[in-house]
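Residue numbers for the sequence shown follow the working numbering, beginning at 740 and rising by one.
Shown next, in structure tokens, is the structure this report addresses.
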Amino acid sequence: MTQLRVVFAGTPEFSVPPLQALIDANYSVVAVYTQPDRPAGRGRKLQASPVKQLALNSQLPVLQPQSLKSQAQVQQLAALKPDIMIVVAYGLLLPETILAIPTLGCINIHASLLPKWRGAAPIQRAILAGDKQSGVSIMQMDKGLDTGAIFSTISCDIGFKDTAQDLHDRLSQLGSKALLQVLPQIADQSIKAVPQNHDLATYAHKLSKQEAQLDWSLSAIELYNQIRGFYPWPIAYSEYQGNVLRIWQAELLTDSHSPTDSGQAQVGEIIQAGKTGLDIMTGQGIIRLKKIQLPGKQAMNASDFANAYATKGIILGAE
């Protein structure tokens, strides 16, 4: 059913593989919606989104409205005569007037097994919560926040060492696969979307820099999940002698020791510093920091940090 007139809406890197999959499968993508160019980098120069870059390289028409709420935007989309609109991490609200335009409606690739983790940060929230499984959902969009009926899902395991970046990349590819599988069935209407069980819904609220500050009184496994979940943004951090110490990578040594088991070590104390990294006592268990960063410096191996600074016995997070 490659004769479908498809409008694609997406913005970040996560949206690129699904658009590429549509192009490679010879679907007729009549327009690509993406967010306006934003200032980025030290020079704060305007930068095109990853989706815009792919669309331009593929010679696809690009539209970048600030909002889709105006009558002019409704008319512009209607003039494209879309059969379907595919939305992947677009970042703009689609009003009901927009949702009603495509003949087959608007469908969304969402990076969770709905109804779990509706909202802005499903990938990160899954890792922060210590989930063992994630996946993608192909959903019929409605006026709610990720509340629409589900056409299909594909699940995948979350590895113990997976960061949010690892899971992001895997789910982006999985979403592309799920989209190509289900699109012909949506086109010939041989598949029916199944309503979600709203009683089981959980919400993946947007991340903030503030919540990435580590509380060493938590267990080692909770802290390990936070360090993985906050990579590559906003990066977990703690205070180190008046400076912000960003923690890029860690490994879980044990989640069974309490501070009293390690010679009266305090919560947040660096109990070992050397070639293997920095071992930190937590509320329950020990975590080893492997890659860290001080303000104004490049991220470095924790072993190099240990060589450069007298670190053993210092309490992280202490005022």
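Note that CB positions come from ideal geometry on N, CA and C, so glycine has one too.
Check	Outcome
Is the beta carbon of E990 sitting closer than 8 Å to the one on L1055?	no
Whose CA, out of L833, P841 and A828, lies closest to the CA of S851?	A828
Round the Cβ separation of L992 and I1025 to the nearest angstrom and send it over; I've been treating them as touching at under 8 Å.	4 Å
Span of the beta strand (DSSP E) holding E835?	E835 -> not in any beta strand (DSSP E); alpha helix (DSSP H) instead, spanning E835 to L838.
Assess, as a yes-or-no matter, whether the stretch 772-787 is touched by the stretch 879-894 under the definition of 3 or more beta carbon pairs within less than 8 Å.	no
Using only the alpha-carbon positions, how far apart do N847 and S929 sit?	18 Å
R781 by DSSP, collapsed to three states: which one?	coil
Which of helix, strand or coil does DSSP assign to Q879?	strand
Give me, in chain order, the residues of the same chain whose beta-carbon lies closer than 6 Å to that of H849; leave out the 5 immediate sequence neighbours on both sides.	S876, M878 and D885
Assuming L1033 and L984 form a contact by the criterion Cβ under 8 Å, report the distance between their Cβ atoms to the nearest whole angstrom.	6 Å
Residue range of the beta strand (DSSP E) that I986 falls in?	N982 to T993
Hey, would you say L913 sits closer than 8 Å to I893, going by beta carbons?	yes
Mind listing, in chain order, the continuous alpha helix (DSSP H) runs of no fewer than 4 residues lying wholly within the stretch 818-903?	835-838 and 861-867
Helix, strand or coil: how does DSSP classify M740 here?	Low confidence applies to M740: its pLDDT is 43, below 50, so where it sits in the model is not reliable enough to give any reading.
Counting only the same chain and skipping the five closest in sequence on each side, list residues whose C-beta sits under 7 Å from that of Q965.	L867, L953 and A975
Reducing DSSP to helix, strand and coil, say where V1084 ends up.	The question about residue 1084 has no answer, for the chain in this structure spans 740 to 1058.
Using the C-alpha atoms, what's the distance from T842 back to Q949?	43 Å
Are the stretch 757-765 and the stretch 802-809 touching, with three or more C-beta to C-beta distances below 8 Å?	no
Can you list, in chain order, the residues of its chain whose CB lies under 6 Å from that of P934, leaving out five sequence neighbours each side?	A888
How about V755 and L795: are their beta carbons less than 8 Å apart?	no
Given that a residue counts as buried once 16 or more other Cβ atoms are within 10 Å of its Cβ, and exposed if not, what is F747?	buried
On the DSSP bridge list, what partners appear for K1030?	Q988 and N1040
To the nearest angstrom, how far is the alpha carbon of G858 from that of P751?	16 Å
Run the CB neighbour count on W972, radius 10 Å, all protein chains shown included, and call it buried at 16 or more, exposed below.	exposed
Between R909 and D822, which are expected to be in contact by the criterion C-beta below 8 Å, what is the C-beta distance as a whole number of angstroms?	In fact, because the Cβ distance is near 29 Å, the residues do not count as touching under 8 Å.
My guess is that G1016 and K1029 are in contact by the Cβ rule of under 8 Å, so how many angstroms apart are they, rounded?	5 Å
What whole-angstrom Cβ distance do A943 and R864 have, given they're in contact under 8 Å?	4 Å
What does DSSP give as the partner residue(s) for Y942 in the beta ladder?	R857
Below 8 Å on the Cβ atoms is my guess for A940 versus P854; work out the distance and round it to an integer in Å.	4 Å
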